[in-house]
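Have a look at the structure below, then the notes.
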Ligand code: HEM
């Protein structure tokens, strides 16, 4: 059966709409920050501050609505793609990217709407406010991911290669996608954790610190940055607005941990299911194929992160860094292995 | 106070304590210290990271196990660097001694770490929950309230509630009419963690079992041909270290028909090998449709379909009219359109002469981009066999092992070339006749016996189950102290303090404490609540 090209085209259009809505949502989240800060800076009577805060919240709520809208279009896009090609819509890298981002948005929306998470983040059960400030940061990589998927990785609709034609594609690949999407969200939260942690320790913003290190690699603390310094410190104070809006480092750390404790068993299951499938398809359950190896490296990385959290002297920043390295390995597994290194898992669908 | 708190939290896990910096005197303490060092969390962390780093070169440097041809090419292109890398096992990273050293050390560390942890946890499972600390209100999650109920009434209510929520509960009475309740829940977290780590060891045992007792072999079978599971029938046979021939299950099968289907572009869409197998020589044959993702499971061995190609029915008669060769001759594919090559060797054509045939087969003959004949589609739409005949010494009696798929022609005389379609014959100058009867297919099968597979599967299941318990269950403690108010005999009020702790990983305990206290005080709406710090 050949692909329904008309429907596949509809899917592409729906996905474009999803990306637009996500982009507007991101602007909305950013506007919430800006409006909140302006209200704070303006000072004045409590009446004006309250009005400013209300305006900010309005932007935020609008952004959430836009995110839900984008999510709906996103779901419609992958569904129509599946119907158009008469199979599961995760047979090549383009489709895989669409699914991973869909999972990531779903995880974010889940965190947003979970009363227990909200309570942990804000101490209040009723508001999505503080989880919402992750919104802009979650949307950015998702838009990037989808942009890359729609351009570089785009694959014309078609059937699966025979090696993939098995019910295991439903089990193994769904698990891999789910874990990847969740790891993406945990990665974003971990980066925010590291930034917020810097802020809480009273260190200058990363930008300023890097600049100082560039000017004087030996002794960044001593260097005078000239007239720019004051501006940079100002900027640091301005950053305070953004940083203050984020939940505390401890909360971000726990949130990232929570998402990883969901994703890690799923990733473990994906690897095991992959081994069982490999045994049926290639007559060996493990062959150190590059894809298998990088999945294993990723797994070890997150295992190291979980250990680090329980090891004296490794909690916090160092553990977080390990989890980001593990995420880096996942990205190598996904982008580099599929496109640069050849192996049995050549299903990228790009040439 | 932070001290005591972190101690309390640490008591919820059996993780090894950090190794202290002091060095004791004498060899004994040194060894013991080394052992403690090896089984510490820090070492586990280091070795996990090291293992991950060590695996990386195996994905960028060509590996023998995956692509030996690429390794040879690399060695040819790098005559100096290549041998050095070879010496460092960089082409066999996953079989390298240094790679093995890391994971074996990791598993020694793991076992050394697990044994005491299991002992500790078993003891914790048998112990009563630890008594309530004296200063409950110092814990971060704590509340205090007053009630008209007597201390033991409060304690009894809390006891009942906790019991019914499946906490492990203990009630103690202290002097001065103080009643306390201590409860603990979520032991499953630690159990799951230990199960997970033990399952890792089980997984390694499974791998070792297969590595020591398994076997693997491949065989090429043409349509209507057969195979019996004995060493001499294999084309390639790889036994493991402790394998013995008695482990070969006595099954056999015949390949009745093989079909491949392709998209118009030549992309394959499906392969079917229709076989009939017997699990023992006396058993009745059972038909089976083998596919790429659908292997045959017989008697502990698995048979996989791993490749396919064309087998040509060729016969040769000598000048005297005797049939000297008649059979399915497998041709090996050279490209994705199945342009294939093969040979026929006839060491005794009669009259002391020998005959060799080398050929190319094109399932769908067409003209390639260079103008030469080539196959333009993998299915047999327009089969064409191009043959060359050779006379001279084929070398069959030289004692040097010969490949059945190639014939070195440097010392032979060419006595003609031709192209045949199915059904056509070719009369050679010396009177011999070659007939191309038709096209069959062959399939290659891989037989694998992995005695550790069940162990592996069990390990994998426990890994997942252990992980879920370990990562999703929260271990926590709850305490309650009910103290008579200090107002003397006439004061009938009771001051109740409740507090709890959870492993620091999870969210704090405040939410759950609020919930528990809410339920303990629910039947007593008169209680006056006063939140603690
Ligand atoms: C083969 C090597 C190992 C692997 C792949 C591994 C993996 C893991 C993973 C994934 C976790 C988090 C999930 C859980 O809590 O169950 C974990 C936790 C843990 N591992 Fe390991 N581990 C290994 C070796 C070790 C060793 C040698 C030790 C002893 C020092 C150890 C001690 C622990 C402890 C105490 C925890 C619990 C951490 C916590 O309290 O959260 N592990 N391990």
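Chains as they are written, first to last, in my numbering: chain U, 75 to 425; chain F, 1339 to 1871. Glycine is no exception: its CB is placed at the ideal position from the N, C-alpha and C atoms. These figures come from a predicted structure and were not determined experimentally.
Contacts between residue 354 of chain U and chain F, judged by CB atoms closer than 7 Å, involve 1631, 1633 in chain order. Following the DSSP letters along the chain, one finds residue 1764 of chain F inside the beta strand (DSSP E) bounded by residues 1763 to 1765. Of the residues F:1496, F:1505, F:1754, the one whose Cα lies closest to the Cα of residue 1814 of chain F is F:1505. Along the length of the segment 1456 to 1505 of chain F, whole beta strand (DSSP E) runs at least 3 residues long occupy 1479 to 1485, reported in chain order.
Taking the CA atoms as reference points, residue 1797 of chain F sits about 5 Å from residue 1541 of chain F. Here residue 227 of chain U carries a coil assignment [DSSP, helix/strand/coil]. Look at the beta carbons and you see the segment 381 to 393 of chain U touching the segment 1366 to 1381 of chain F: at least three pairs across the two are nearer than 8 Å. Near chain F, meaning a CB-to-CB distance below 7 Å, no residue of the segment 258 to 282 of chain U qualifies.
In this structure, the straight-line span from the alpha carbon of residue 371 of chain U to that of residue 1453 of chain F is close to 27 Å.
Taking C-beta atoms under 8 Å as the contact rule, residue 374 of chain U and residue 1532 of chain F fail to qualify, at a distance of about 20 Å. The three-state reading of DSSP puts residue 1617 of chain F in coil, since its state is none of H, G, I, E or B. The Cβ atoms of residue 1758 of chain F and residue 1729 of chain F lie no closer than 9 Å to each other. With contacts defined as CB atoms closer than 9 Å, residue 330 of chain U and residue 251 of chain U fail to qualify as a contacting pair.
If the five residues before and after residue 1424 of chain F are omitted, its C-beta is found closer than 8 Å to the C-beta atoms of 1413, all from its own chain and listed in chain order. Judged by the Cβ position, residue 1808 of chain F qualifies as a neighbour of ligand 1 at the 8 Å threshold, a heavy atom of the ligand being closer than this. For the segment 139 to 154 of chain U, the beta-carbon criterion of a distance under 9 Å to any beta-carbon of chain F is satisfied by none of its residues.
Judged by DSSP in its simplified three-state form, residue 83 of chain U adopts helix. Pairing residue 102 of chain U with residue 134 of chain U gives a Cβ-Cβ distance under 9 Å. With 16 or more neighbouring CB atoms inside 10 Å of its own CB, residue 270 of chain U falls in the buried class.
Straight-line spacing of the CA atoms in residue 218 of chain U and residue 146 of chain U works out to 19 Å. Residue environment for residue 1718 of chain F: buried (at least 16 other C-beta atoms within 10 angstroms of its C-beta). If you check the C-beta of residue 1386 of chain F against ligand 1, you find a heavy atom less than 8 Å away. Distance between residue 1471 of chain F and residue 1824 of chain F, taken at the CA atoms: about 20 Å. Residue 1782 of chain F and residue 242 of chain U have their C-alpha atoms roughly 23 Å apart. Scanning chain U for C-beta atoms nearer than 9 Å to the C-beta of residue 1379 of chain F yields 381, 382, 384, 385, 386, 388, reported in chain order.
For residue 1714 of chain F, there is no enclosing beta strand (DSSP E), as DSSP marks it with neither H nor E. When only Cα atoms are considered, residue 110 of chain U and residue 92 of chain U end up about 27 Å apart. In summary, residue 1633 of chain F is buried, with 16 or more beta-carbon neighbours lying within 10 Å of its beta-carbon over all protein chains present.
Remark: C-beta atoms of residue 216 of chain U and residue 175 of chain U approach each other more closely than 9 Å. Cβ neighbours of residue 327 of chain U within its own chain (closer than 6 Å, five residues either side excluded): 267. A distance below 6 Å between beta-carbons, with the five flanking residues on each side excluded, links residue 285 of chain U to no residue of its chain.
In the three-state reduction of the DSSP assignment, residue 1723 of chain F falls in the strand class, which pools E and B. Three or more Cβ pairs closer than 8 Å define a contact, and the segment 1801 to 1815 of chain F falls short of that threshold against the segment 1619 to 1632 of chain F. In the DSSP assignment, residue 1839 of chain F falls within the unbroken beta strand (DSSP E) covering 1832 to 1840. In this structure residue 1732 of chain F is not in contact with residue 1772 of chain F, their Cβ atoms being roughly 16 Å apart against a cut-off of 8 Å. Among the residues of chain F, those whose CB is under 8 Å from the CB of residue 335 of chain U are 1809, 1810, following chain order.
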